[in-house]
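Some notes on the structure that comes next.
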């Protein structure tokens with residue numbers, strides 16, 4: 116089975132409850148795709164999630180805008196770079212901190228240098244998108260959506276900004292006859308309050324960011340094979 120989740124934002128306990136509900140670990144052939152943004156916003160800032168992912172071979176993490184911000188500001192863990200950062204470096208750090216970085220920075224500082232290096236190297240290799248075909252249907256997995264969309268445009272032609280920072284709305288249409296785009300990044304309640312804590316499906320895209328970035332929010336898990344949706348019970 117293929118499972119999808121997105122925008123965990125440090126909610127490791129909620130994430131593990133979802134995997135347990137789906138009995139994910141009981142079947143080694145299962146595959147999990149996380150559509151970015153495991154870091155920032157809460158708890159250990161997703162560092163515990165990153166270390167779990169790195170040690171779990173049937174899990175693929177796609178790049179999210181928060182991982183990109185983290186990489187851009189990684190210089191703060193370099194003693195020499197901290198002595199004389201340039202304006203762009205300072206700007207990158209300020210941007211990251213405005214977006215909930217303090218949890219992640221604190222957790223990374225608690226790790227030894229070897230583990231930080233391992234995390235950095237892993238996140239650098241995270242792909243911007245993935246393509247799957249299941250039961251004759253093609254799926255495009257990406258963090259934010261397809262910015263600057265054009266019909267027939269190859270995925271490789273989209274910039275990282277197009278893929279990580281795009282925010283589709285309910286009127287956005289891609290190529291429903293060719294593929295379904297599945298993304299996170301924009302909490303579904305931002306599209307309409309009626310979608311709070313639930314995924315949204317349209318004819319050409321699905322949004323699976325159910326708001327874990329908020330204090331009370333939780334992520335969800337989707338089984339692509341069956342369409343079954345898993346949610347964390349309300350606390």
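Residue numbers (the numbering used here): 116 to 350.
Cβ coordinates follow ideal geometry from the N, Cα and C atoms, glycine included.
Going by CA-CA distance only, name the one from the options that's closest to residue i.
i	options	result
residue 145	210, 286 and 118	118
residue 288	329, 318 and 278	318
residue 230	162, 309 and 330	162
residue 342	329, 321, 332 and 331	321
residue 276	259, 285, 253 and 284	259
residue 154	250, 182 and 137	182
residue 346	330, 340 and 326	326
residue 178	274, 304, 302 and 344	274
residue 120	159, 143 and 168	168
residue 170	233, 305 and 278	233
In angstroms with no decimal places, state the Cα-to-Cα distance between residue i and residue j.
i	j	result
residue 348	residue 312	10 angstroms
residue 280	residue 239	17 angstroms
residue 330	residue 157	8 angstroms
residue 315	residue 307	10 angstroms
residue 141	residue 225	32 angstroms
residue 237	residue 175	11 angstroms
residue 303	residue 324	6 angstroms
residue 250	residue 292	14 angstroms
residue 263	residue 216	28 angstroms
residue 214	residue 248	34 angstroms
residue 290	residue 261	11 angstroms
Let me know the secondary structure DSSP gives residue i once reduced to three states.
i	result
residue 320	strand
residue 293	coil
residue 178	coil
residue 154	coil
residue 310	helix
residue 240	coil
residue 123	coil
residue 130	helix
residue 350	In this predicted model, residue 350 has a pLDDT of only 47, less than 50, meaning its place in the structure is not dependable; the value taken from the coordinates is given anyway. Coil.
residue 335	strand
residue 135	helix
residue 188	coil
residue 279	helix
residue 62	Absent from the model: residue 62. The displayed extent of the chain is 116 to 350, so no value can be given.
residue 159	coil
Measure from the C-beta of residue i to each C-beta in chain C and report whether the shortest distance is under 8 angstroms.
i	result
residue 267	Among the chains of the structure shown, chain C does not appear; only one protein chain is present.
Counting pairs of Cβ atoms below 8 angstroms between the region 242 to 255 and the region 292 to 301, do you hit three or more?
-> At 8 angstroms Cβ cutoff, the stretches touch.
Kindly confirm or deny that the region 201 to 215 and the region 176 to 192 touch, where touching means at least three C-beta pairs closer than 8 angstroms.
-> Under the three-pair Cβ rule at 8 angstroms, the region 201 to 215 counts as touching the region 176 to 192.
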